[in-house]
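The structure appears below as C-alpha cells.
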Amino acid sequence: MEDGKPVWAPHPGDGFQLGTIVDIGADSLTIEPLKQGQKSFTAQLNQVFPAEDDVNKHVEDNCSLMYLNEATLLNNVRVRYSKDRIYTFVANILIAVNPYYDIPKLYAPETIKQYHGRSLGTLPPHVYAIADKAYRDMRVLKMSQSIIVSGESGAGKTENTKFVLRYLTTSYGTGQDIDERIVEANPLLEAFGNAKTVRNNNSSRFGKFVEIHFNEKNTVVGGFVSHYLLEKSRICQQSQEERNYHIFYRLCAGASEDIRTKFHLESPDTFRYLNRGCTRFFANKDTDKQILQNRKSPEAKLVGILDILDEENRLPQPSDQHFAETVHNKHKNHFRLTVPRKSKLQVHRNVRDDEGFIVRHFAGAVCYETTKFVEKNNDALHMSLECLVSESKDRFIRELFENSNNTKDSKQKAGKLSFISVGNKFKTQLNILLEKLRSTGSSFIRCIKPNLKMVSHQFEGAQILSQLQCSGMVSVLDLMQGGFPSRAPFHELYNMYKQYMPAKLTRLDPRLFCKALFKALGLNENDYKFGLTRVFFRPGKFKEFDQIMKSDPDHLAELVKKVNQWLICSRWKKVQWCSLSVIKLRNKMLYRASACIKMQKTVRMWLCRKKHKPRIDGLVKVRNLKNRMDKFNEVIAGLKEGKQEMNMLIQGLDAAINTTMLKIKTTAMTRIDMDHEYQALVTRSEELLTAMQNKKKEEEEKERLKKIQEEMAREKKRREEEEQRCKQDKEDRRLVHACVRAHLFKHAVSLQAEMDVQLEAEREEAAARQNILEQERRDRELAMRIAQSEAELIPEDTLNDAGLRREEMAKEMSELLSRGPQVQATKAAAAGTKKYELSKWKYAELRDAINTSCDIELLAACREEFHRRLKVYHAWKSKNKKRGNNPGITEQRAPKSVTDYAQANSAPPIPARQHEVAMNRQQRYFRIPFIRPGDQYKDPQNKKKGWWYAHFDGPWIARQMELHPDKQPILLVAGKDDMEMCELSLEETGLTRKRGAEILPRQFEEIWERCGGIQYLRRAIEKRQARPTYATAMLQTLLK
C-alpha cells in the first residue's frame, strides 16, 4: 500500500469503503474516506486492504483481480450485481447472488445450449457451467460427482438446484418422460416441505439430497431424493409472520369444487392450524397458472451436546436448566463452547448460563437458548394417540401407523409416552450424507442473500460480507495465496499495455507479446506461469508488473530495447531450431529408407523361408538322424561277437539316410512324404539299436555268469581255509587257557602273601599314628603350661614395648617348639615307628621341602610337622595376648564353630586307607556363616553376617576367603598367608559333619574369580610365595 493510493477500510453498513491513508500507527491506520463530508477514522492494520486502480472494474473470476482479498471480492460482487451479473467465479467455486426478479434470457433454452460441453471459464459464470463441469468430470474420471448448494435462508438454494436439474435433464436426458418427472418432482416436494418464514417466502424446512442416475452411455435414466429432518412442529404452531406448509394453502386456493366440497375446504382463516400465522398468498403469474391448472385436474461416541440431550430426555424429570448445566460441566474446557456471559454481544449476555450456551461454529458463534430443547427433542407420538389413529376406518391412515402398532404390547402401553430422539436421527442422517459426499467429487455453489427485505437491486455490503466469510470464501482466498491466485488473459494484458509499446511490438500476437515483456523485465519464473489462454501470478506480483510497466518513459525505452533483444534472440533460436528440425527430418528420411530396405529383405527372407521351410526342416531332421550314427558305432565297439553283421546293418542304414537326403534336395517332395521317409528311417534305426542293445545285454549276462562262477570258486576256497584256521585257533586258545590258569594260581598265592604283609604294615602304621597323635596332644598341653608359666613371669612394663615383646615371643616359641619335638623324637625313637626325624628342622627347611619335594611320604610328614608347629604357635600366641585387650576380640583364622569343635573333639587317628586317600590330595570345598569378633558387639542381631569359604587340598587348607557386607573380601592362599589361615586339618574342623557346609567346586571358583582371587593367586605364584597346591597347578596350566 502506497501513500495516496486508495484502500478499502471497514464500514459498518457497506462492509468496506474507499479511503486514503493519512497516518500510520503502531498497529492501526488512520483512514480518510473519499466521500465528502465523512470524518477520518482509525482501523486495524489487518482490516485495511489495497484497492484496484479502477474500482468500477469487474471481472468474471475474482482471481483475475490485481489484489485478491475480501474487500476486492466484495466490491467485484457489488459491481457485477449492479449490472445484473449475479454469478461470479472464485477459481472453480460459483458465487450466486439472489436478484429477487427474473433476469431476461438468463436461463433460456439457448443459454443451456451455449454451455453444453464448454470448459469452465470459457463463458461467463453461470450455474450451468458448474453443472456441465460436474457432468464432464463424472464422464472422464468415472466417478460420481456432487454439487453442494449452500447459503442462508432466502439466498436462492432451491432455485439454483432446480436450474441444475433442468440443465442436466435437458442437455443429457433421454427426452423421455423420466426427465420431466425429475424436474416436476420439485414443486411437489416444495408443497409439502416449504413454508413462508420471516427471512424467506419459500423457505425449505427440510434438507434434501437429489441423486440423478446415469447409464453406461452417460444419459439420465432416473433419480432419487433423500430428505432430512422435516420441521414437524410447524404443522401445529407458527410464528406471527410465518405460515404452515404450502400444501394447505394451495388446497384452499386451488382445489376444484368437488375436492373443496368433499374435504370441506374453506379459507385458511377458518382452520386452527393455519390461522395462527400469516394467511396471505404469495403468487406470481406462474403460480396463478398452476392454480388454474390444478382446478381443472381431476385430483391434486464422544459425548456431544446431542448425546447429553438424549440422556436428559431419559431422566424421570428432565429439564432445560439441568440440560444446560450438564453441557457446561462436561465441556467446560472445550475451545468451541462457552457461556453466554463471556460473549461480546449484548444480546448473548442477556441469556443466563443455565438458559443457553454458545457454540463457535466455522461460520461464527451462535447462542442457543435451551428453552423447550428437551420437549422438542422427543419425536414420538403419545401411545394412546397412535392407538387411536391406527383404529381409523380410513385405510391410508391405518397404514401410516401400522409399523408402530402391530403388536399387542402397544395397546398395553397406551397412556405412556415413549422417546424417539430428534438429535440422534439428525446425527444418523448427517453421517449418511457425509458418507455419500466423501465417495464423490465435489463442486460448490455459494448462494448469497443481498438484503433482508428480499427486494431487487438493493445491496447490503456488511450482510453480504458476513455471508462470504461464513461460507468460507474468505478462507478460500487465504488458501489461494500459497499458489497462483492472480490470473489475467493474454488479450487483456495486451490491451492494457500496448499503448506503452511502439508499433513494431504491438503487431505481435498477445501470447508472444506477454512472453517478450516478461523475459525483458527479467521477472523470476517462479513468480508467474503461462497457461494456454492466460498467465498466472503469485500474490502481489501482478501489481509489481503493472507498476514496472507504468513507470517513467526512460525506463520504458530501456524496456523496449530489451524486448527487441529478446525477440532477436528468440527468433534466432527459432531459426536454429528449424535448422535442427530440417536436419533431423533428413536423418529421419534416411533412417526410413534404410528401414524400408531392411523390411524388404526381411519380407523376401520370410517368403523364401515359407517356400523352403518344409524341405529345410526335413533335411535338418534327417541330418540329426545321421549324427546319431556315432552312438551306433559306440555300441558296436562294446560288442565281442557279431561285429561284422552289425557293421553291415549300420552301413545299410547310412546308405538309406544319404539316399533320402539326396532325394529331398533334388526332388520336390511334400511335407507329408518327407515325414513318411523320416519315420521309416527312425523306425529302422530304432530296430537296429534295439537289436544291438539286446546283443550287448546277452554278452553282459554271459560275462556276469562267468564272474559269478569264479566268485563262487574263490568263496569255496576261502571257506575251506577259514575252517582250517578256526581249528588251529581253537587249539591255540586251549593251550593258552591252560597256561593262564596256572599263572593265575601262582599269582593269587603271591598276592595273598603280599596282602597279609600289607595288612600287618597298616596295623603297625595305625598304631604308630595313634602314638604320634597322643604325643602331639601331650606336647600341646606341655607347651600351653610352659607358655602360661612364662607369660606370668614377664613384667607389665616390658609388655609395653611391642618390638621387645615380639622378640621374646619368638624366642619362647622357638624354645617351646624345640622342646616339643625333642620329647616327641625321643618317644618316637623309643617306639621305633617314625621314619623321618623333623623336629630339628627349621621353618624355612620345612617350607622348601613342601614346595620342592617329590617324595610323597616326606611331603606328608613335612606338612604334618608344619601344621603341628602352627597349632602350637597359635596356642602360645593366644595365651600371651596383652592383658589390657578385650579377650573376646581376638584374631580369628576360622569361624568360632570350627575352633570350638576342634577343642571339644580331638582329631581321631587316621586309618591306613584314609591316609592313602589324603595322600592322593582329594579336593573339597566348604562355606559356613562367619562373624568376626570385632563385629559381633556392633551388630548383636547378626544383620551383617558374612561367609567363610575354604578349599582343602587333601587334609590341609589351600585357599581361604572371607566375605563381609560393607567390607572388602579377604583372600588367603597357602604359603603366602599361612599365619592368617586356619591351621586345623579337615578332620579337626568337623566341616565334613556339618549339613549344607560342603559346596560344589564350581560355586567356590565363581566367588573366588569374582573377588579377584585369580589375580591374587597369580601374583603370589609369580613372587614364589604360594605353596604348590591343586589350585596353583590348575592356574599355571591355564596360563600356559
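Heads up: the sequence shown runs through residues 1 to 1040, numbered per UniProt numbering.
The beta-carbon is built from N, C-alpha and C at its ideal position, and this holds for glycine as well.
Suppose the cutoff is 6 Å on Cβ atoms and the five residues either side in sequence are ignored; what does the same chain contact list for residue i look like?
i: Val77; result: Thr88
i: Gly1013; result: Leu971
i: Asp855; result: none
i: Ser226; result: Phe209
i: Gly13; result: Ala462
Given that a residue counts as buried once 16 or more other Cβ atoms are within 10 Å of its Cβ, and exposed if not, what is residue i?
i: Cys578; result: exposed
i: Cys63; result: buried
i: Leu168; result: buried
i: His737; result: exposed
i: Lys113; result: exposed
i: Ile305; result: buried
i: Ser128; result: Inspection of the sequence shows that residue 128 is occupied by Tyr rather than by Ser. Answer is buried; the Cβ neighbour count reaches 16.
i: Arg604; result: exposed
i: Arg352; result: exposed
i: Gln467; result: buried
i: Pro450; result: buried
i: Lys133; result: buried
i: Asn160; result: buried
i: Met496; result: exposed
i: Lys157; result: buried
i: Arg80; result: buried
i: residue 1049; result: It is not possible to answer for residue 1049, since the shown part of the chain is limited to 1 through 1040.
Between residue i and the rest of its own chain, which residues show a CB-CB distance below 7 Å, the 5 nearest in sequence each way excluded?
i: Phe401; result: Glu386, Val389, Ser390
i: Glu28; result: Glu is not the amino acid found at residue 28; the sequence shown has Ser there. Thr42, Ala43, Gln44, Leu45.
Going straight from the alpha carbon of residue i to that of residue j, what length do you get?
i: Asp900; j: Lys879; result: 16 Å
i: Glu32; j: Gly193; result: 50 Å
i: Thr122; j: Asp379; result: 50 Å
i: Val422; j: Phe263; result: 32 Å
i: Gln1003; j: Arg869; result: 32 Å
i: Met979; j: Gln752; result: 47 Å
i: Ala894; j: Val757; result: 42 Å
i: Asn56; j: Ser119; result: 28 Å
i: Arg733; j: Leu744; result: 16 Å
i: Ser443; j: Lys342; result: 38 Å
i: Gly223; j: Val183; result: 10 Å
i: Gln145; j: Tyr135; result: 8 Å
i: Asn377; j: Asp53; result: 55 Å
i: Ser319; j: Gly356; result: 12 Å
Helix, strand or coil for residue i per DSSP?
i: Lys529; result: strand
i: Asp379; result: coil
i: Gly364; result: coil
i: Leu229; result: coil
i: Gln770; result: helix
i: Arg929; result: The sequence as given places Pro at residue 929; Arg does not occur at that position. Here Pro929 sits in strand by DSSP.
i: Pro1028; result: coil
i: Arg243; result: coil
i: Arg534; result: strand
i: Val59; result: coil
i: His11; result: strand
i: Ser28; result: strand
i: Arg446; result: strand
i: Trp566; result: helix
i: Ile957; result: strand
i: Pro489; result: strand
Looking only at its own chain, which residues have a Cβ that is under 8 Å from the Cβ of residue i, when we skip the five neighbours before and after it?
i: Val221; result: Thr174, Ile178, His213, Phe214, Asn215
i: Ile636; result: Lys643, Met646, Asn647, Ile650, Met692
i: Thr219; result: Tyr172, Gly173, Thr174
i: Lys640; result: Glu699
i: Leu265; result: Leu251, Cys252, Ala255, Ile259
Whole runs of the beta strand (DSSP E) within the segment 133-216, excluding any shorter than 3 residues:
Listed in chain order, they are 145-150, 207-214.
List in chain order: all unbroken alpha helix (DSSP H) runs of 4+ residues lying wholly within the segment 605-692.
Scanning the segment 605-692 from its first residue to its last, the whole alpha helix (DSSP H) runs of 4-plus residues come out as 629-637, 643-666.
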